[in-house]
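**Q**
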Amino acid sequence: MGMELLFLAVGMLFFLGLANSIGDVFEEGEHGLAYMTEKKMFLLANIHVTAKSNQIITSVDFSDNRDKVRVDVGVPIDTLDSGNKDRDKSVVDFLNGAENPNIRFITDWIDCEALAGAVSSSLTVPGELHVAGKSFKIDFPLSFSRRPDHVLIAGKLTTSFTNLEFEPPSVGMGGMIANVMNFLEIVVHLRSDKIEGLDEVLTSSAYVSDNTSS
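When we follow the working numbering, the leftmost residue of the sequence shown carries the number 270, and every step to the right adds one.
#1: Alpha carbon to alpha carbon, how far is P345 from E297? Give it in angstroms, no decimals.
#2: Taking Cβ to Cβ, would you say A320 is nearer than 7 Å to S351?
#3: Give the DSSP bridge partners of F405, in chain order.
#4: Pull up the distance between the alpha-carbon of L459 and that of H300, whole angstroms please.
#5: What's the gap between the Cα of W378 and the Cα of F331?
#6: What are the boundary residues of the beta strand (DSSP E) that K425 is part of?
#7: Have a look at L433 and T472 and give me their C-alpha separation to the nearest angstrom.
#8: Does the stretch 410-419 come close enough to the stretch 376-395 that 3 or more CB-CB pairs lie under 8 Å?
#9: Less than 7 Å separating the beta-carbons of T348 and S322?
#10: Just tell me which of V318, E368, V394 and P395 has its CA closest to the CA of D357.
#11: Consult DSSP for E368 and reduce its assignment to one of helix, strand or coil.
#12: Which ranges would you report for the alpha helix (DSSP H) in the stretch 308-365 if only whole runs of at least 4 residues count?
#13: State the DSSP-derived secondary structure class of G301, mapped to helix, strand or coil.
#14: Apply the 10 Å Cβ neighbour rule to N448 and answer buried if 16 or more other Cβ atoms are within range, or exposed otherwise.
#15: Any idea which residues DSSP pairs D380 with across the strands?
#16: Under the rule that 16 or more other beta-carbon atoms within 10 Å means buried, what is S474, buried or exposed?
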């Protein structure tokens, strides 16, 4: 009976993970950041793990002549919710959240005209990812979609724990109970109207290049 219950639990976890991988991470109108990874349970089933937060911290800087912009997007680690409080607490500890409470992506200086021109299109934005007191140069692919009252900025960075100088965590000797795969995705789903300064660049005609012939 004990083994039957064990395999039933593993099966339920497998299908729960499968459902999470099919569903969208964010609903329309949300303003947030998430991470996604996978773990193997009892050396058998791959479980998809998703944690997200809508408590986004942003700041925007302009160059002196306002032709370039730099955006800082962050999220407090302790607000990331995976639906499992013990796991979320472990993530805070794993990322040294007591000393480095936020995950941040700070873009390089971006040409405002190029950014405005990416609306209804996409743009790969270079910058630095700051996590656990370390920083990494990355290129974040983003799409920009018009909505009635804002521009939706969405994207997914695919990386790994080892790329960020972490060993994937595990539970039990040799990961017998749970072993996190060396796979990590960071997902953003941001509303321009909630990022003061950036909305001006993306929605104002002042930054759109006029390529019409005179």
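Just so you know, even glycine gets a beta-carbon here, dropped at the ideal spot from N, CA and C.
**A** Based on what the coordinates show:
#1: 22 Å
#2: yes
#3: L398
#4: 5 Å
#5: 9 Å
#6: Its beta strand (DSSP E) spans residues V420 to T428.
#7: 34 Å
#8: Touching, yes, given that three or more Cβ pairs across the two stretches are closer than 8 Å.
#9: yes
#10: Of the candidates V318, E368, V394 and P395, the one whose C-alpha sits nearest the C-alpha of D357 is V318.
#11: coil
#12: 354-363
#13: strand
#14: The residue is buried, with at least 16 neighbouring Cβ atoms inside 10 Å.
#15: K337
#16: exposed
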